[in-house]
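Below is one structure, written out as C-alpha coordinates; the observations come after it.
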Amino acid sequence: MKKIIYIYLLSTICAFAQVGINTTTPVQEVHVAGATESVRIEGLNTTNNVDNLGIGSSTRVYANANGDLVLGSSLETIELLLDVENYLVDGNNTNGASNNQILQTGGGNGYTATGVQNDIPGSIFTLTKNAIVEVNYSISWSVEINSSSRISDNRARIIQTGLYFKKLNVGTGLYENILVDVDGNFINSGPWCIASNAGGCTEIGGLLAINGQFYNNGHGKHGEHENFQNTGSDYVKLGPGTYYAMFAGQIAVGSTVGSGAAKMYLGSGSSDELQIIAHYYY
1412 MKKIIYIYLL
1422 STICAFAQVG
1432 INTTTPVQEV
1442 HVAGATESVR
1452 IEGLNTTNNV
1462 DNLGIGSSTR
1472 VYANANGDLV
1482 LGSSLETIEL
1492 LLDVENYLVD
1502 GNNTNGASNN
1512 QILQTGGGNG
1522 YTATGVQNDI
1532 PGSIFTLTKN
1542 AIVEVNYSIS
1552 WSVEINSSSR
1562 ISDNRARIIQ
1572 TGLYFKKLNV
1582 GTGLYENILV
1592 DVDGNFINSG
1602 PWCIASNAGG
1612 CTEIGGLLAI
1622 NGQFYNNGHG
1632 KHGEHENFQN
1642 TGSDYVKLGP
1652 GTYYAMFAGQ
1662 IAVGSTVGSG
1672 AAKMYLGSGS
1682 SDELQIIAHY
1692 YY
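Per this note's numbering: the sequence shown ends with 1693, consecutive numbering throughout.
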(Lines of atoms letter the chains of each structure in order from A and count residues from 1; the text may use other names and numbers.)
(Lines give C-alpha, C1' and ligand atoms only; values in the text may rest on other atoms or scores of the structure.)
Protein backbone atom coordinates (compact mmCIF):
# COMPACT_ATOMS: atom_id res chain seq x y z
CA MET A 1 0.00 0.00 0.00
CA LYS A 2 2.83 2.43 0.80
CA LYS A 3 4.42 1.89 -2.61
CA ILE A 4 1.14 2.69 -4.36
CA ILE A 5 0.72 5.92 -2.39
CA TYR A 6 4.28 7.06 -3.14
CA ILE A 7 3.82 6.46 -6.86
CA TYR A 8 0.56 8.43 -6.84
CA LEU A 9 2.15 11.38 -5.05
CA LEU A 10 5.14 11.40 -7.40
CA SER A 11 2.95 11.42 -10.51
CA THR A 12 0.90 14.32 -9.11
CA ILE A 13 4.01 16.41 -8.50
CA CYS A 14 5.31 15.75 -12.02
CA ALA A 15 1.98 16.70 -13.59
CA PHE A 16 2.15 20.19 -12.13
CA ALA A 17 5.91 20.73 -12.53
CA GLN A 18 7.40 23.85 -14.16
CA VAL A 19 10.61 23.79 -16.17
CA GLY A 20 13.25 26.33 -15.25
CA ILE A 21 16.38 27.00 -17.31
CA ASN A 22 19.06 28.93 -15.39
CA THR A 23 16.63 29.20 -12.48
CA THR A 24 15.41 26.96 -9.65
CA THR A 25 12.24 29.00 -9.14
CA PRO A 26 10.36 29.06 -12.46
CA VAL A 27 7.15 31.07 -12.54
CA GLN A 28 5.79 29.73 -15.85
CA GLU A 29 5.53 26.29 -17.43
CA VAL A 30 8.80 27.05 -19.24
CA HIS A 31 10.96 29.82 -17.78
CA VAL A 32 14.28 30.87 -19.34
CA ALA A 33 16.13 33.11 -16.89
CA GLY A 34 19.00 35.49 -17.61
CA ALA A 35 19.26 38.95 -19.12
CA THR A 36 20.90 37.73 -22.35
CA GLU A 37 19.50 34.21 -22.64
CA SER A 38 17.32 33.12 -25.55
CA VAL A 39 15.76 30.06 -27.15
CA ARG A 40 17.01 28.39 -30.32
CA ILE A 41 14.79 26.19 -32.48
CA GLU A 42 16.90 24.59 -35.19
CA GLY A 43 13.84 23.70 -37.24
CA LEU A 44 13.31 27.42 -37.84
CA ASN A 45 16.85 28.36 -38.91
CA THR A 46 17.90 29.31 -42.43
CA THR A 47 19.32 25.84 -43.14
CA ASN A 48 16.19 23.93 -42.22
CA ASN A 49 13.38 26.32 -43.08
CA VAL A 50 12.77 27.90 -46.48
CA ASP A 51 10.69 30.68 -44.91
CA ASN A 52 13.67 31.98 -42.93
CA LEU A 53 14.78 35.23 -44.61
CA GLY A 54 18.45 34.46 -43.99
CA ILE A 55 21.51 36.21 -42.58
CA GLY A 56 21.02 39.88 -41.82
CA SER A 57 17.22 39.65 -41.67
CA SER A 58 14.61 38.83 -39.05
CA THR A 59 11.68 36.54 -39.77
CA ARG A 60 8.43 36.74 -37.83
CA VAL A 61 7.28 33.75 -35.79
CA TYR A 62 3.57 32.92 -35.60
CA ALA A 63 1.49 30.39 -33.68
CA ASN A 64 -0.69 28.25 -35.94
CA ALA A 65 -4.12 26.82 -35.09
CA ASN A 66 -2.52 24.00 -33.09
CA GLY A 67 -0.32 26.37 -31.12
CA ASP A 68 2.84 25.30 -32.98
CA LEU A 69 5.47 27.97 -33.66
CA VAL A 70 5.94 28.54 -37.39
CA LEU A 71 7.71 31.11 -39.55
CA GLY A 72 5.63 33.48 -41.61
CA SER A 73 6.39 33.38 -45.30
CA SER A 74 8.03 36.40 -46.92
CA LEU A 75 4.63 37.38 -48.34
CA GLU A 76 3.07 37.28 -44.87
CA THR A 77 5.86 39.40 -43.41
CA ILE A 78 6.84 41.93 -46.07
CA GLU A 79 5.71 42.56 -49.64
CA LEU A 80 7.09 44.85 -52.32
CA LEU A 81 3.86 46.21 -53.77
CA LEU A 82 5.23 48.68 -56.29
CA ASP A 83 8.68 49.53 -57.61
CA VAL A 84 8.49 51.61 -60.79
CA GLU A 85 10.44 54.23 -62.68
CA ASN A 86 8.92 57.08 -64.71
CA TYR A 87 5.72 56.72 -62.69
CA LEU A 88 4.09 59.88 -64.08
CA VAL A 89 3.42 60.82 -67.68
CA ASP A 90 6.05 63.30 -68.86
CA GLY A 91 4.89 66.76 -69.80
CA ASN A 92 6.43 70.23 -69.93
CA ASN A 93 6.61 73.40 -71.95
CA THR A 94 3.01 73.05 -73.05
CA ASN A 95 2.44 76.82 -72.75
CA GLY A 96 -1.03 76.05 -71.46
CA ALA A 97 -3.08 73.73 -69.31
CA SER A 98 -1.42 70.42 -68.57
CA ASN A 99 -2.16 67.41 -66.40
CA ASN A 100 1.04 68.02 -64.46
CA GLN A 101 1.01 71.81 -64.30
CA ILE A 102 0.88 73.62 -60.94
CA LEU A 103 0.27 77.35 -60.82
CA GLN A 104 2.18 79.60 -58.45
CA THR A 105 0.42 80.73 -55.27
CA GLY A 106 1.26 83.07 -52.42
CA GLY A 107 1.42 82.17 -48.75
CA GLY A 108 2.60 78.59 -49.09
CA ASN A 109 -0.79 76.85 -48.92
CA GLY A 110 -1.65 76.13 -52.52
CA TYR A 111 -1.19 72.39 -53.02
CA THR A 112 -2.48 70.99 -56.30
CA ALA A 113 -3.19 67.33 -57.03
CA THR A 114 -1.52 66.61 -60.33
CA GLY A 115 0.09 64.06 -62.60
CA VAL A 116 -1.18 61.00 -64.45
CA GLN A 117 0.33 57.54 -64.07
CA ASN A 118 2.12 56.08 -67.09
CA ASP A 119 0.73 52.62 -66.37
CA ILE A 120 -2.58 53.01 -64.55
CA PRO A 121 -3.38 49.26 -64.19
CA GLY A 122 0.19 48.65 -63.04
CA SER A 123 -0.12 51.41 -60.43
CA ILE A 124 -2.88 49.63 -58.50
CA PHE A 125 -1.95 47.41 -55.56
CA THR A 126 -3.87 45.37 -52.98
CA LEU A 127 -3.24 44.91 -49.27
CA THR A 128 -4.41 41.53 -48.00
CA LYS A 129 -4.47 42.57 -44.32
CA ASN A 130 -3.41 45.38 -42.01
CA ALA A 131 0.02 46.72 -42.84
CA ILE A 132 2.46 49.49 -42.14
CA VAL A 133 2.93 50.85 -45.65
CA GLU A 134 6.31 52.38 -46.48
CA VAL A 135 6.56 54.86 -49.36
CA ASN A 136 9.72 56.15 -51.04
CA TYR A 137 9.72 58.44 -54.05
CA SER A 138 11.92 60.65 -56.18
CA ILE A 139 9.95 62.89 -58.51
CA SER A 140 11.16 65.28 -61.21
CA TRP A 141 10.04 68.89 -61.66
CA SER A 142 10.75 72.00 -63.68
CA VAL A 143 9.70 75.63 -63.32
CA GLU A 144 9.16 78.51 -65.77
CA ILE A 145 6.88 81.39 -66.78
CA ASN A 146 6.04 79.81 -70.14
CA SER A 147 7.77 77.81 -72.86
CA SER A 148 9.88 80.79 -73.95
CA SER A 149 10.34 82.65 -70.67
CA ARG A 150 12.02 81.57 -67.45
CA ILE A 151 11.82 83.06 -63.97
CA SER A 152 14.26 85.95 -63.57
CA ASP A 153 13.01 87.99 -60.58
CA ASN A 154 15.44 86.37 -58.10
CA ARG A 155 12.61 85.71 -55.64
CA ALA A 156 12.82 82.62 -53.46
CA ARG A 157 10.10 80.09 -54.17
CA ILE A 158 9.38 76.94 -52.25
CA ILE A 159 8.77 73.78 -54.26
CA GLN A 160 6.98 71.12 -52.21
CA THR A 161 5.66 67.69 -53.11
CA GLY A 162 3.76 64.94 -51.33
CA LEU A 163 1.94 61.70 -51.97
CA TYR A 164 -1.57 60.55 -51.09
CA PHE A 165 -3.55 57.34 -51.53
CA LYS A 166 -6.89 56.65 -53.14
CA LYS A 167 -8.80 53.50 -52.11
CA LEU A 168 -11.37 51.52 -54.06
CA ASN A 169 -14.90 51.83 -52.69
CA VAL A 170 -16.24 48.37 -53.47
CA GLY A 171 -19.83 49.57 -53.29
CA THR A 172 -19.47 52.33 -55.90
CA GLY A 173 -16.50 51.04 -57.89
CA LEU A 174 -14.82 54.44 -57.49
CA TYR A 175 -11.47 55.33 -55.94
CA GLU A 176 -11.73 57.81 -53.08
CA ASN A 177 -9.10 59.83 -51.21
CA ILE A 178 -8.38 58.31 -47.81
CA LEU A 179 -8.04 60.70 -44.89
CA VAL A 180 -7.48 58.38 -41.91
CA ASP A 181 -5.29 55.38 -41.17
CA VAL A 182 -6.50 51.95 -40.07
CA ASP A 183 -6.79 53.18 -36.46
CA GLY A 184 -9.01 56.10 -37.45
CA ASN A 185 -6.32 58.77 -37.01
CA PHE A 186 -5.96 61.54 -39.58
CA ILE A 187 -2.99 60.78 -41.83
CA ASN A 188 -0.04 63.05 -41.12
CA SER A 189 -2.17 65.27 -38.83
CA GLY A 190 -4.45 66.07 -41.77
CA PRO A 191 -6.64 66.33 -43.64
CA TRP A 192 -4.64 68.31 -46.20
CA CYS A 193 -6.08 70.52 -48.91
CA ILE A 194 -4.79 69.17 -52.22
CA ALA A 195 -6.90 71.27 -54.58
CA SER A 196 -8.37 74.74 -54.28
CA ASN A 197 -9.72 77.70 -56.19
CA ALA A 198 -10.70 81.27 -55.41
CA GLY A 199 -13.57 79.98 -53.30
CA GLY A 200 -11.38 77.82 -51.07
CA CYS A 201 -10.45 74.16 -50.75
CA THR A 202 -12.12 71.81 -53.21
CA GLU A 203 -10.41 68.49 -52.41
CA ILE A 204 -8.72 67.01 -49.34
CA GLY A 205 -6.45 64.01 -48.89
CA GLY A 206 -4.02 62.33 -46.52
CA LEU A 207 -0.75 63.85 -47.73
CA LEU A 208 2.42 61.89 -46.91
CA ALA A 209 6.18 62.21 -47.42
CA ILE A 210 6.05 66.00 -47.79
CA ASN A 211 9.39 67.43 -48.82
CA GLY A 212 10.66 70.46 -50.66
CA GLN A 213 13.39 72.89 -51.54
CA PHE A 214 13.85 76.52 -52.48
CA TYR A 215 14.34 77.79 -56.02
CA ASN A 216 15.32 81.22 -57.27
CA ASN A 217 16.76 82.60 -60.49
CA GLY A 218 17.92 86.06 -61.45
CA HIS A 219 19.50 85.13 -64.77
CA GLY A 220 16.49 84.40 -66.96
CA LYS A 221 17.34 82.00 -69.76
CA HIS A 222 20.83 81.44 -68.38
CA GLY A 223 19.54 79.87 -65.15
CA GLU A 224 18.64 76.23 -64.67
CA HIS A 225 14.94 75.48 -64.69
CA GLU A 226 14.52 71.73 -65.15
CA ASN A 227 15.82 68.29 -64.21
CA PHE A 228 15.33 68.89 -60.48
CA GLN A 229 14.23 66.14 -58.08
CA ASN A 230 12.25 66.06 -54.85
CA THR A 231 12.54 62.96 -52.68
CA GLY A 232 10.41 61.77 -49.78
CA SER A 233 9.82 58.80 -47.48
CA ASP A 234 7.05 58.07 -44.99
CA TYR A 235 4.93 55.40 -43.32
CA VAL A 236 1.18 54.95 -42.82
CA LYS A 237 -0.97 52.16 -41.35
CA LEU A 238 -3.57 50.99 -43.87
CA GLY A 239 -6.15 48.23 -43.83
CA PRO A 240 -7.03 45.60 -46.46
CA GLY A 241 -8.15 46.99 -49.79
CA THR A 242 -7.14 48.13 -53.26
CA TYR A 243 -5.23 51.41 -53.64
CA TYR A 244 -3.14 53.58 -55.89
CA ALA A 245 -0.88 56.55 -55.18
CA MET A 246 -1.16 60.11 -56.49
CA PHE A 247 1.01 63.20 -56.10
CA ALA A 248 0.36 66.80 -55.12
CA GLY A 249 2.69 69.78 -55.14
CA GLN A 250 2.95 73.51 -54.78
CA ILE A 251 5.11 76.38 -55.98
CA ALA A 252 4.75 79.23 -53.50
CA VAL A 253 6.23 82.73 -53.30
CA GLY A 254 5.85 85.31 -50.53
CA SER A 255 3.99 87.69 -52.84
CA THR A 256 2.67 87.05 -56.32
CA VAL A 257 2.60 90.77 -57.13
CA GLY A 258 4.87 91.45 -60.09
CA SER A 259 6.25 87.92 -60.04
CA GLY A 260 4.64 86.65 -63.24
CA ALA A 261 2.48 83.58 -63.72
CA ALA A 262 5.15 81.08 -62.69
CA LYS A 263 4.37 77.42 -63.19
CA MET A 264 5.80 74.15 -61.97
CA TYR A 265 5.54 70.89 -63.91
CA LEU A 266 5.54 67.78 -61.75
CA GLY A 267 6.91 64.65 -63.37
CA SER A 268 8.49 66.64 -66.18
CA GLY A 269 11.43 64.25 -66.54
CA SER A 270 11.76 60.51 -67.04
CA SER A 271 13.16 59.69 -63.60
CA ASP A 272 10.06 59.56 -61.40
CA GLU A 273 10.64 56.61 -59.08
CA LEU A 274 8.08 55.22 -56.65
CA GLN A 275 8.45 52.32 -54.24
CA ILE A 276 5.69 51.05 -51.95
CA ILE A 277 6.35 48.29 -49.40
CA ALA A 278 3.87 46.56 -47.07
CA HIS A 279 5.02 45.45 -43.62
CA TYR A 280 2.17 43.17 -42.51
CA TYR A 281 1.66 42.95 -38.78
CA TYR A 282 -1.52 40.87 -38.32
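Yeah, the Cβ is synthetic: ideal placement off N, Cα and C, and Gly gets one too.
Whole angstroms is fine: what's the gap from Asn1497's alpha carbon to Val1441's?
-> For Asn1497 and Val1441, the distance between alpha carbons rounds to 54 Å.
Secondary structure of Glu1453, DSSP reduced to three states | In the structure shown, the three-state DSSP call for Glu1453 is helix.
Please specify which runs of the beta strand (DSSP E), each continuous and at least 3 residues long, are wholly inside the segment 1578-1647, giving them in chain order.
-> Annotation: the segment 1578-1647 contains the following complete segments of the beta strand (DSSP E) (minimum length 3 residues), in chain order: 1585-1588, 1603-1608, 1611-1616 and 1619-1626.
Exposure label - Asn1588; buried when at least 16 CB within 10 Å = Burial call: buried.
Limits of the unbroken beta strand (DSSP E) element including Gly1431 = Looking at the DSSP string, the run of the beta strand (DSSP E) that includes Gly1431 is Val1430 to Ile1432.
Endpoints, beta strand (DSSP E) assigned at Ile1687 | Counting along the chain, the beta strand (DSSP E) containing Ile1687 begins and ends at Glu1684 to Tyr1691.
Buried or exposed: where does Tyr1473 fall if 16 or more other Cβ atoms within 10 Å of its Cβ makes it buried?
-> Tyr1473 comes out exposed.
How about Ser1551 and Gln1640: are their beta carbons less than 8 Å apart?
-> Yes, the Cβ-Cβ distance between Ser1551 and Gln1640 is below 8 Å.
Of all the options Leu1491, Gly1616 and Ser1468, which has the alpha carbon lying nearest to the alpha carbon of Ile1543?
-> When only C-alpha atoms are compared, the closest one is Leu1491.
Contact under 8 Å by Cβ, Ala1689 with Ile1535 = Contact flag unset, no.
Local Cβ density within 10 Å of Lys1674, reported as buried at 16 or more and exposed below that = It counts as buried.
Endpoints, the alpha helix (DSSP H) within which Gly1533 is located | Element bounds for Gly1533: Ile1531 to Ser1534.
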